[in-house]
Every structure is written in structure tokens, then in C-alpha cells.
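*Asks:*
Protein chains in written order, with the working numbering: chain A, 1 to 317; chain B, 1 to 619.
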């Protein structure tokens with residue numbers, strides 16, 4: 001398997017209870033000037049959803065992914081997807097075991113807690129859908145048997161928006177499997193300058209200490225699911241979703257499932273703000289990452305500006 | 001019809017669009033057909049026909065919303081064109097209902113989901129939008145700059161159908177009018193004094209020439225002089241509202257003193273207008289109630305007035321020649337003729353036997369049945385045969401007193417005679433002679449109405465007749481206030497509300513102004529009802545936002561969440577950040593958390609915090 005790289009990080013488990021702010025702060029020391037992106041990814045983790053990162057190479061996608069896996073003390077796997085990868089390269093393979101005279105299943109890289117799927121759009125649709133099916137079902141079906149994935153299972157897939165030659169764009173139905181989509185973008189000048197300093201570089205090489213644990217993440221997830229949303233907030237949420245369907249530039253608006261995703265992600269944000277109820281601000285923060293990859297515009301352009309217009313056109317007061 | 005049927009067929013069967021070329025051909029064919037049937041030129045008929053045809057043809061290529069809207073708009077225009085023909089009161093109701101249908105189509109079109117015609121809600125909304133339009137229509141009507149005359153009233157552009165009396169008279173031409181109950185004109189007498197019925201001779205065309213069957217006018221080159229009142233004569237002043245006739249005659253009582261504006265008074269006392277009466281026309285007249293009129297008669301005119309078809313009606317001619325020899329003067333012959341009509345067995349009849357060939361002989365000696373037309377025409381020929389210049393006068397006689405005005409209907413049409421009497425050493429004069437009065441005196445005393453009534457058939461009920469007359473009262477008001485709302489009335493209205501004379505431009509500006517204010521006034525209550533109502537909590541937040549109103553980069557726009565706003569505010573005013581944070585926490589809790597609902601205590605607390613924030617910010 002020539003192009004396949006699998007990395008395994010060994011977690012050092014942390015049992016102490018830490019706040020979400022600390023977790024974000026720890027990651028933020030490695031990924032400079034991207035606090036909102038980190039917050040959003042953590043919120044997606046709390047909401048139990050997967051993340052699609054669309055960015056140019058070298059902007060810190062992998063660093064971000066490893067940092068988050070490290071800070072949560074999760075098992076981390078990374079697969080670099082290529083066009084000649086087979087589904088078995090992701091899911092695992094059944095091999096005939098001569099001594100026991102039976103097929104034994106060798107688990108693939110998908111059996112982990114945090115999976116970084118680099119350049120997802122380079123894989124063939126067959127491989128893509130194998131991975132995405134596993135994401136949706138939280139299990140792998142092979143030779144008539146199902147193998148459940150870890151209870152905490154988080155996929156962060158990346159896509160390179162520029163090199164489109166030899167890629168297979170994800171269809172809309174597959175994109176919907178990702179709770180959010182993000183783009184990190186360049187850091188600002190100050191942060192970038194800091195990045196080149198020797199102080200940062202030494203710190204960069206050290207792995208982040210695990211401040212949290214998958215168990216705590218599960219606890220947070222349960223806590224987030226309890227977060228209350230008042231009628232007013234739900235009205236606002238529904239109005240936003242509705243407006244994506246009536247917009248003249250948008251061909252396909254958000255589905256009710258996307259609306260539910262918005263709701264879940266907003267719960268994550270509310271938990272992060274240490275509230276047990278949701279506010280319109282939570283929904284505003286969640287709206288962009290949830291709808292960015294789901295809205296289909298007429299001219300095929302990214303829906304980024306449109307999302308902001310919709311937000312700006314919707315009165316909160 | 002075919003087009004509409006095709007449209008339905010296409011709709012049901014999802015037929016593909018017809019080719020553009022085919023549509024073009026159909027349109028050109030239709031245009032050619034119109035030109036073939038209506039003639040070429042810019043007439044009202046042709047314009048309206050083209051509009052209607054093209055509207056119907058448009059259905060052939062109506063596939064998108066835009067087309068459908070266009071068809072609806074065209075339908076409005078088609079509705080409007082009806083006014084080019086008539087501006088009657090009853091028509092308004094009909095056009096209102098068609099406007100309703102059109103508006104309903106529009107509202108159904110614009111409604112996203114339900115496309116049902118008979119949805120009660122839809123009908124209601126259509127009715128209300130039409131009702132909303134009414135005040136604007138009234139406003140436009142009152143304020144819109146008015147043209148001197150409507151363009152469609154100009155005969156140069158649109159030829160009008162002629163109604164009422166014409167300038168020729170042939171057998172049966174008046175009897176058609178007898179059956180016509182529609183109004184000819186209305187008269188309002190000054191001081192409300194109505195002359196006696198036998199004075200109400202409304203003079204129309206005067207007929208000179210007779211070809212054995214048809215009477216026709218003489219063309220004049222000069223105008224008649226005005227007349228002066230002598231002490232013994234009664235003068236009446238009155239205003240006439242003449243319905244559109246499409247002709248040039250105005251009607252006045254014998255004999256009018258002078259001509260109104262833009263009208264010529266012809267030598268035979270006819271009022272002849274410069275332009276045809278194609279719309280409701282008002283004019284004021286003065287008349288002297290006379291039955292004789294002193295006027296010199298030229299020799300040429302005399303020969304004209306003594307002319308009769310030769311080698312015809314010989315029996316009458318013989319009789320008249322014998323009368324001539326027996327009589328001492330002209331008046332005696334006139335009286336003898338009237339007596340003859342009175343005492344011989346003549347009957348007034350609306351259904352006389354048809355006459356042909358030597359009509360005068362036939363009438364006078366055989367059938368002896370007829371109405372004013374027969375009597376006037378025979379009498380004039382008799383007089384001419386006896387050597388007395390005479391002519392037929394057509395017009396209306398009498399009228400119905402309809403409250404504040406006198407209603408003269410087409411059925412009041414009448415024909416009488418004028419003879420020219422010359423006596424030795426005295427100026428010659430015209431004498432009005434009505435032979436019909438000799439046969440049927442009630443015709444002149446009480447009007448054609450009474451005679452007609454006995455002739456009416458079973459289906460002409462009394463109440464129908466009465467309702468027709470009371471309907472005319474409304475129509476009169478309608479004419480007074482709507483159809484006759486002209487430039488001067490408009491100016492009078494403006495003067496009444498304190499605005500002096502205006503030209504069209506400032507009128508238009510004023511109209512826009514009024515329109516704008518009306519819109520504002522009518523929309524204000526709507527806005528008041530629809531405006532957002534804020535809870536006490538929301539008001540507090542707005543107050544907080546307003547404290548930094550002067551800084552647009554801080555001032556929260558309505559799409560921003562309060563947390564974002566509070567963060568920005570804290571950043572700008574660190575000294576107030578603790579209070580802001582506190583306010584934020586309490587506010588969010590009260591607004592969005594479970595169980596907290598606008599408690600008075602919370603609000604008081606928030607108010608206090610708010611004042612602290614404001615104090616801190618102002619430091």
C-alpha cells in the first residue's frame with residue numbers, strides 16, 4: 001500500500017475535570033489566531049458531528065486535528081486518501097488465518113476515536129462512500145458482520161479547494177454527513193510573526209497535554225443535549241432556515257436535518273458559554289458552519305456571502 | 001372563442017408552445033381581417049378591435065407568470081375602452097363587476113398556493129383591494145388635469161353613431177323615436193317656471209325640400225339676427241343638458257333670442273354647432289315664447305318654399321286650387337285646412353298603413369291614419385299647392401316634469417309646420433301651425449306620452465315606466481356631478497377649497513402631493529397595527545443599545561445578538577464592563593431560560609443595572 005500513511009498517537013489519559021475554555025485555550029496556543037474555528041470544532045465534537053475542513057495546504061489542518069485529539073486524549077488515526085485506495089484500506093480487511101482455518105477481520109484505520117481523513121475528495125466515490133457510511137452508521141459492515149466503532153468517533157476530513165484535477169467532488173448527499181464545514185484561512189500578521197519565533201517553534205514540537213478525556217466529552221455531549229431552547233430562539237432558528245429556501249440566489253436551501261444540525265451545534269456553543277439555555281447568539285455562531293457546505297447556489301459559487309446576508313436580514317431584538 | 005378553447009386544450013394536454021412564426025402569421029391574419037371589416041384608419045372602432053383581438057391572441061402565448069400578468073393588465077384596458085362608447089351610470093356597475101373579475105384573476109395569480117377561484121378569502125381580499133382603490137379613483141377624478149373635451153369626443157378621430165332626430169325626414173323615421181324611451185335632453189328653467197305644454201316646441205332641423213318621399217334641409221350661408229323682447233312677450237331662460245347625438249343641432253324653444261357659444265343661429269332659427277355633439281353638452285338659452293316670427297323672405301327662398309313634386313298628388317292639387325280660388329287671403333286657407341283635418345275622419349295612429357307612390361293623395365284621401373310626420377308633411381304640401389310658402393319643422397314637443405328639471409325623451413319627437421303669411425302693407429311673418437293638434441289635441445296638450453300609453457303592449461308595465469323615469473333622475477344627477485365635471489367645475493372646486501386657478505402641471509404636482517398624503521394617511525393605521533410590540537425586557541435592551549447610538553460601529557443593528565453587542569460594548573467601555581456583563585447575564589436568563597418570564601423584579605433590577613452602565617459610559 002504505497003500511499004497510505006497511518007499515524008498512531010498514544011494518548012496520555014487525563015482524568016481531572018477541566019472546563020471547555022481550558023481545552024480551547026490549550027489548542028489555541030498551538031493554532032494561533034483561530035479561536036472561533038477551534039470553538040466551532042469543539043462545539044461540533046460536543047454535538048457529536050463530523051467536520052469538513054476546506055483549506056489550502058499548510059494552513060495547519062493537521063496540526064489542528066492532532067492538537068484536538070491530543071487535548072481530548074483520544075486515539076488518533078490519519079489516512080491520506082488517494083484515488084487508488086480501496087474501501088478495505090479504510091475499513092479493514094478479512095484475511096484467511098491458516099492456523100485457525102478461518103477468516104479473521106483486521107480492523108482498518110477507521111477504528112479509532114479521532115480520524116483525520118486528508119484530502120477526502122481524492123478518493124474514489126466508492127472509498128468515499130465506504131467512509132461516509134461508517135460515519136453515518138457508527139459501525140462497519142463486512143462479510144455479513146457488523147463491527148461497531150468507538151462510542152466517541154470523530155472524523156475530520158479535509159479538502160483542497162484549488163487542486164481539482166483528479167478529484168471526485170463529494171455529492172450533496174455525502175456533504176450532508178458532515179455537521180459543519182470550515183475554512184481556516186491565513187493567520188493575521190501578528191500571529192504569523194509569532195509563529196516564526198523560536199519560542200513558538202520549541203513549544204510547537206511538544207505534544208499538548210491531555211486536559212480532557214473521551215469520557216468527559218461524552219458527559220459534555222449528554223449535558224449539551226439537555227440545553228433548553230425557548231420558543232423565541234426556536235422561532236429565530238426556523239426563520240433562518242426558512243430564509244435559505246426563499247432566497248433568490250439559492251437553489252436548494254437547508255433541509256430539516258440541517259436545521260436539526262444547527263440546533264445541535266448551537267447547543268454546543270451554549271454549553272461552551274456555560275449556559276443551560278440557548279440564545280440567538282449561539283445560533284448565529286452555528287449558522288455559518290452548518291450551512292456553508294449545504295447551500296447550493298445557482299451559479300455554483302460558495303454560499304458564504306449569502307449566509308451573512310441572511311443573518312443580517314433577520315431581526316433578533 | 002377558438003383561441004380560448006385552444007388555450008384550455010393546451011393547458012390540459014400540456015401541448016408544446018406554438019412556433020413564433022405561426023403566432024406572427026396568426027396576428028398578421030387577424031390584423032388584416034380587422035382592416036377588412038373595419039376599414040383602414042385611426043378610428044375608435046379599429047383601435048378597440050385591435051386591442052381586444054390582440055388580448056385574446058395573447059392567450060396563445062401565455063405560458064409564464066409575466067404573460068399572465070400582461071393579459072390581466074390588457075383586460076383592464078379592454079374594460080376601460082367601454083367608456084369610449086358611453087359614460088352612462090348603469091355602465092359603471094357593469095364595469096365595476098368586470099374590474100372585480102379582472103382584479104380577482106390578478107389576486108389569484110399572485111397567490112402562491114391556492115389557485116381556486118371561489119375561495120372565500122380570495123374573494124374577500126379582491127373586494128377589499130378594489131374598495132381601497134375607490135378613494136384613489138375619486139381623487140384622480142377630482143384632481144386630474146382635465147382636457148377641454150375628451151379625445152374620444154372629437155369627431156375628427158372617432159366617428160360617432162348618430163341618434164335622435166336627423167336632418168331628413170322620410171316615412172317612419174320619427175315613429176322609431178316614439179318607441180325610444182331614452183332621454184334626448186333635460187331642461188332646467190330659470191326660476192323654476194315651466195311654460196305650458198303647448199308652448200314647448202323644441203325646434204330642431206327645419207326641412208325645406210321634398211322629393212315626394214323624403215324631406216331634407218336647406219343649406220344656409222348666413223346667420224339670423226338676434227331678436228329683441230317686446231313688453232308683451234314672455235321671455236324664458238333655461239339651461240339644456242343635451243345627450244350626445246353625433247349631430248350638429250341644438251334644441252331650443254321657439255324662438256331663441258341668440259345663439260350660445262360656438263353655435264350659429266341659422267336663418268330658419270336652427271341652432272347649428274361647429275362640432276358635432278359627441279358628449280353631454282350644456283348650454284343656456286333665452287327664448288321668446290311666440291308662435292309667429294317676423295322675418296323677410298327672399299324671392300329665391302319663396303320659390304323654394306313653394307316647390308312640390310310636379311305631376312304627383314293631383315287630387316290634392318285640385319282641391320287646393322279650388323280652395324285658393326274661394327279664399328280671400330292666406331290665413332283663410334290655413335284655417336280651412338286645419339278645420340278640414342279636424343272635421344274629416346282623420347285618426348292619430350302610430351301604426352298607419354304603409355304608403356307608396358303618391359303618398360300625399362293616399363294619406364289625405366284613403367288611409368287618413370298617421371301621426372305628426374304625416375300631418376305636417378301633407379299640410380306643408382297642401383299649403384305650397386295653394387301658393388303659401390311653408391316648411392316642415394322637426395323637433396321635440398312637450399316633456400315630462402321630473403322634479404327639478406324637465407325631461408324630454410326621444411319619444412317626444414314631433415314634426416309641425418310653419419307657413420309664411422304676407423298681408424298687404426304688413427311685414428311677412430312665419431306662423432307655427434301644428435296640424436297634429438287638430439287631429440289629436442291631447443298630443444300637444446299633454447304630450448306624446450299619454451297617447452303612447454294607450455298603445456303600449458302587455459309587457460310594458462306601469463311600474464316599469466315609472467322606474468324608467470325615476471332612474472332618469474339618478475342619471476341626471478350622475479350627469480351633473482360626474483359626466484359633466486369639466487374644467488370650470490374643477491376650478492370651482494379648487495376655488496372652494498381655497499386654491500386659485502392652476503395650470504395642468506401644478507395640478508399634476510398637487511395630485512401627486514395629495515396622493516402621497518392619502519397613501520401616508522391610509523398606511524399609517526396599518527403601520528400602527530403592524531408595528532412591532534416590544535416586551536419590557538426588549539425595551540430595556542433597546543435602551544442599552546441607544547446609549548451608544550452616536551457610535552454607528554457600536555450601535556447594535558437589529559440582526560445582531562446581544563452577546564456580541566455586549567462584548568463590543570465592554571471592549572469600548574472597560575469601566576462599565578462588569579455592569580454590562582451583569583446586565584447580559586440577567587437579561588439572557590430572563591429572556592431565554594426556562595421559567596423566567598418578565599418578572600417585575602428582574603426588570604427593576606435590570607433598570608438599575610442599565611442606569612449604572614449609562615453612568616459608567618458617560619464618565
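Beta carbons: idealized from backbone N, C-alpha and C, even for Gly. Given the structure is predicted, the values throughout are model-derived calculations rather than measurements.
Under 9 Å between C-beta atoms, does residue 66 of chain B make it to chain A?
*Replies:* With 9 Å as the cut-off, residue 66 of chain B does not count as an interface residue toward chain A.
*Asks:* So what does DSSP say about residue 126 of chain A, is it helix, strand or coil?
*Replies:* It is helical.
*Asks:* Closer than 9 Å, CB to CB, is residue 316 of chain A near chain B or not?
*Replies:* Chain B contact via Cβ: present.
*Asks:* Any C-beta of chain A within less than 8 Å: which residues of the region 547-575 of chain B qualify?
*Replies:* Taking 8 Å as the Cβ-Cβ cut-off against chain A, the residues of the region 547-575 of chain B that qualify are 557, 558, 559, 560, 561, 562, 563 and 564.
*Asks:* Where does residue 238 of chain B land, buried or exposed, given buried means 16+ other C-beta within 10 angstroms?
*Replies:* Residue 238 of chain B should be labelled buried.
*Asks:* Under 9 Å between C-beta atoms, does residue 33 of chain A make it to chain B?
*Replies:* No, residue 33 of chain A lies away from the interface with chain B (no Cβ there is under 9 Å from its Cβ).
*Asks:* Check whether chain B comes within 9 Å of residue 233 of chain A, counting only Cβ atoms and requiring the distance to be less than that.
*Replies:* Judged by the 9 Å Cβ criterion, residue 233 of chain A is in contact with chain B.
*Asks:* Taking all protein chains shown into account, do 16 or more other C-beta atoms lie within 10 angstroms of the C-beta of residue 193 of chain A, making it buried, or fewer, making it exposed?
*Replies:* Exposed, since its Cβ has fewer than 16 Cβ neighbours within 10 Å.
*Asks:* Is residue 299 of chain A buried or exposed, if buried means 16 or more other CB atoms sit within 10 Å of its CB?
*Replies:* Flag for residue 299 of chain A reads exposed.
*Asks:* Express the C-alpha separation of residue 426 of chain B and residue 160 of chain B in angstroms, rounding to a whole number.
*Replies:* With a pLDDT of 42 at residue 160 of chain B, under the threshold of 50, the modelled position of that residue is not reliable, and the figure given next carries that caveat. One C-alpha to the other measures close to 46 Å.
*Asks:* From the DSSP output, read off the bridge partner residues of residue 95 of chain A.
*Replies:* According to DSSP, which records beta bridges pairwise, residue 95 of chain A is partnered with A:104.
*Asks:* Do residue 395 of chain B and residue 201 of chain B have their C-beta atoms within less than 9 Å of each other?
*Replies:* Yes.
*Asks:* Counting Cβ pairs, one atom from each stretch, are 3 or more of them under 8 Å apart for the region 94-111 of chain B and the region 124-131 of chain B?
*Replies:* Yes, they touch.
*Asks:* Does residue 50 of chain A have its Cβ less than 9 Å from a Cβ in chain B?
*Replies:* No, residue 50 of chain A does not count as interfacial toward chain B.
*Asks:* Taking the beta strand (DSSP E) that residue 141 of chain A belongs to, which residues open and close that run?
*Replies:* First-last of the beta strand (DSSP E) with residue 141 of chain A: 139-142.
*Asks:* Any contact between the region 54-74 of chain A and the region 98-111 of chain A? By contact I mean 3 or more CB pairs, one from each, below 8 Å.
*Replies:* Contact fails: fewer than three Cβ-Cβ distances are below 8 Å.
*Asks:* Report yes or no: is there a C-beta of chain A within less than 9 Å of the C-beta of residue 110 of chain B?
*Replies:* By this cut-off, residue 110 of chain B is not an interface position.
*Asks:* Keeping to the same chain, check which residues put their C-beta closer than 7 Å to that of residue 11 of chain A; ignore five residues upstream and five downstream.
*Replies:* Per-residue confidence for residue 11 of chain A stands at a pLDDT of 39, beneath the threshold of 50, marking its modelled position as unreliable; the derived number appears in the next sentence. If we look at residue 11 of chain A and ignore the five residues flanking it on each side, its Cβ neighbours are 73, 74, 75 and 210.
*Asks:* Hey, how far is the Cα of residue 364 of chain B from the Cα of residue 341 of chain B?
*Replies:* Their backbone Cα atoms lie some 9 Å apart in a straight line.
*Asks:* Assuming residue 383 of chain B and residue 334 of chain B make a contact with CB atoms under 8 Å, what is their CB distance in whole Å?
*Replies:* Yes, they are in contact, since the Cβ atoms of residue 383 of chain B and residue 334 of chain B sit about 7 Å apart, within 8 Å.
*Asks:* Is there a C-beta anywhere in chain B that falls below 9 Å from the one on residue 40 of chain A?
*Replies:* No, its Cβ sits nowhere closer than 9 Å to a Cβ of chain B.
*Asks:* Leaving out the 5 sequence neighbours to the left and right, which residues in its chain are closer than 6 Å to residue 281 of chain B when beta-carbon positions are compared?
*Replies:* 242.
*Asks:* For residue 296 of chain A and residue 303 of chain A, I'd like the C-alpha separation in whole angstroms.
*Replies:* Taking the straight line joining both Cα atoms gives about 7 Å.
*Asks:* Is DSSP giving residue 222 of chain A helix, strand or coil here?
*Replies:* DSSP places residue 222 of chain A in helix when its eight states are reduced to three.
*Asks:* Kindly indicate the opening and closing residues of the alpha helix (DSSP H) around residue 20 of chain A.
*Replies:* Residues 20-30.
*Asks:* Would residue 476 of chain B pass as a contact of residue 186 of chain B if the rule is Cβ separation under 9 Å?
*Replies:* The answer is yes: Cβ separation under 9 Å.
*Asks:* State buried or exposed for residue 233 of chain A, treating a residue as buried only when at least 16 other CB atoms are found within 10 Å of its CB.
*Replies:* Classification for residue 233 of chain A: buried.
*Asks:* Using 9 Å as the threshold, is the C-beta distance between residue 223 of chain A and residue 19 of chain A below it?
*Replies:* No, the pair does not count as a contact, with Cβ atoms beyond the cut-off.
*Asks:* Just grab the DSSP bridge partners of residue 416 of chain B for me.
*Replies:* Residue 416 of chain B is bridged to B:393.
*Asks:* Residues of chain B with CB closer than 8 Å to the CB of residue 111 of chain A, please, in chain order.
*Replies:* Correct list: empty, because the minimum Cβ distance to chain B is about 40 Å.
*Asks:* Is the shortest distance between the beta-carbon of residue 244 of chain A and the beta-carbons of chain B less than 9 Å?
*Replies:* By this cut-off, residue 244 of chain A is not an interface position.
*Asks:* What distance in whole Å lies between the Cβ atoms of residue 77 of chain A and residue 127 of chain A, which are believed to be in contact at a cut-off of 8 Å?
*Replies:* Wrong, their Cβ atoms sit about 15 Å apart, outside the cutoff.
*Asks:* With a Cβ-Cβ cutoff of 9 Å, do residue 267 of chain A and residue 44 of chain A count as a contact?
*Replies:* Not closer than 9 Å, so no.
*Asks:* When the Cα atoms are used, what is the spatial distance from residue 562 of chain B to residue 142 of chain A?
*Replies:* Answer to the nearest angstrom: the Cα atoms are 51 Å apart.
*Asks:* Under 8 Å by Cβ, that's how I've got residue 165 of chain B and residue 413 of chain B pegged, so tell me the actual separation to the nearest angstrom.
*Replies:* Right, the Cβ-Cβ distance comes to about 6 Å (below 8 Å), so this counts as a contact.
*Asks:* Pop quiz: residue 371 of chain B and residue 349 of chain B are said to be a contact at Cβ under 8 Å. What is the actual Cβ separation, rounded to whole angstroms?
*Replies:* Their Cβ separation, rounded to whole angstroms, is 7 Å, which keeps residue 371 of chain B and residue 349 of chain B in contact under 8 Å.
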